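Be aware that the sequence shown starts at 9, since it is given in this note's numbering, and climbs by one per residue.
Beta carbons are placed, not taken as given, at the ideal position from N, Cα and C, and that holds for glycine.
Just so it is clear, the structure is predicted and the values come from calculations on it, not from any experiment.
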Amino acid sequence: MWIGHVISCMDVEGIVKNVQALEEGYQEFKQKYPFLTTSEADPQNIFSIKGYPFPVEINYDFLFLSVANSNVIDPVHIESLGIDVVMFVGDTVEAPDSEEGFAEEFLGKLEEMENNGKKVLLHAPQHQDIIAMAVLYLLCKKKVLRDAYNFVIQCYWKEGVTLPVSHLQWLAKEEIRILGSSSVQASEIESGSIVEVTASKYCILS
Numbered sequence: 009m010w011i012g013h014v015i016s017c018m019d020v021e022g023i024v025k026n027v028q029a030l031e032e033g034y035q036e037f038k039q040k041y042p043f044l045t046t047s048e049a050d051p052q053n054i055f056s057i058k059g060y061p062f063p064v065e066i067n068y069d070f071l072f073l074s075v076a077n078s079n080v081i082d083p084v085h086i087e088s089l090g091i092d093v094v095m096f097v098g099d100t101v102e103a104p105d106s107e108e109g110f111a112e113e114f115l116g117k118l119e120e121m122e123n124n125g126k127k128v129l130l131h132a133p134q135h136q137d138i139i140a141m142a143v144l145y146l147l148c149k150k151k152v153l154r155d156a157y158n159f160v161i162q163c164y165w166k167e168g169v170t171l172p173v174s175h176l177q178w179l180a181k182e183e184i185r186i187l188g189s190s191s192v193q194a195s196e197i198e199s200g201s202i203v204e205v206t207a208s209k210y211c212i213l214s
């Protein structure tokens, strides 16, 4: 409970822009990603690290999302993260909702690479496309659309990131195809905003 209080205080005070609790602990994170840590007292110094902003890790040691605004991939990211495969959405794979059977083909490629122990970086000039791809991937990992969407959006470095209604409509159809049911309302899809179910909905602290 204390960690939640600390995170809330840091957020309210504006000390940091984004706070994440590390499930494996800080020492393991530092050992694996020393280039993403700093010993400086001011946490804002993290934003001056060479290569910032780094790709977002969606699935541990496998799937990463680029946050670059161009087709140029920073070689620091490839070397530091040990990326084996770069998939350009719109090149290596098609953009979302582009053709029938695209989702199955894309997920099949990812599954093959994951089974072979490859580290994959998804990249596209349009961040909406790779965010949609990441959400699709999490659907196949049995995470419902509501949770998958909010997880990816919150992990992404850029503030105010959303998905177009067309992308959400496509993902809603894929959720039903993959999981057999829908976790979101039609009104949420049309509004372009899928509301996160907070922890308070699941538990009561006495």
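- By the beta-carbon neighbour count (other beta carbons within 10 angstroms, threshold 16), Val203 is exposed.
- Inter-segment contact for the segment 118 to 126 and the segment 43 to 60 is absent: fewer than three beta-carbon pairs are separated by less than 8 Å.
- Between Leu146 and Leu179, the gap from beta carbon to beta carbon reaches 7 Å or more.
- Secondary structure note for Glu31: it is in no alpha helix (DSSP H), with a DSSP letter that is neither H nor E.
- Looking only at Ser190, Phe72, Thr45, Gln39, the smallest Cα-Cα distance to Val160 is reached by Phe72.
- Counting only runs that start and end inside the segment 94 to 159, the alpha helix (DSSP H) elements of at least 4 residues fall at 110 to 123, 135 to 148.
- As DSSP reads the structure, Leu73 sits in a beta bridge with Val64, Leu130.
- According to the DSSP assignment, Gln177 belongs to the alpha helix (DSSP H) that extends over 173 to 187.
- Cβ-Cβ distances below 8 Å link Val93 to Met121, Lys126, Lys127, Val128, Leu129 in the same chain, with the five nearest sequence neighbours on each side left out; the list follows chain order.
- The beta carbons of Ile139 and Val169 sit about 7 Å from each other, so the pair counts as a contact at 8 Å.
- In the structure shown, Asn79 falls within a coil segment according to DSSP collapsed to helix, strand and coil.
- In the structure shown, Ser56 adopts helical secondary structure according to DSSP, grouped into three states.
- Taken through DSSP and simplified to helix, strand or coil, Ile161 comes out as helix.
- Here Val80 is actually not in contact with Pro61; their C-beta atoms are around 14 Å apart, not less than 8 Å.
- In this structure, the alpha-carbon of His85 lies about 17 Å from that of His135.
- DSSP places Ser201 outside both helix and strand once states are collapsed to three, so it counts as coil.
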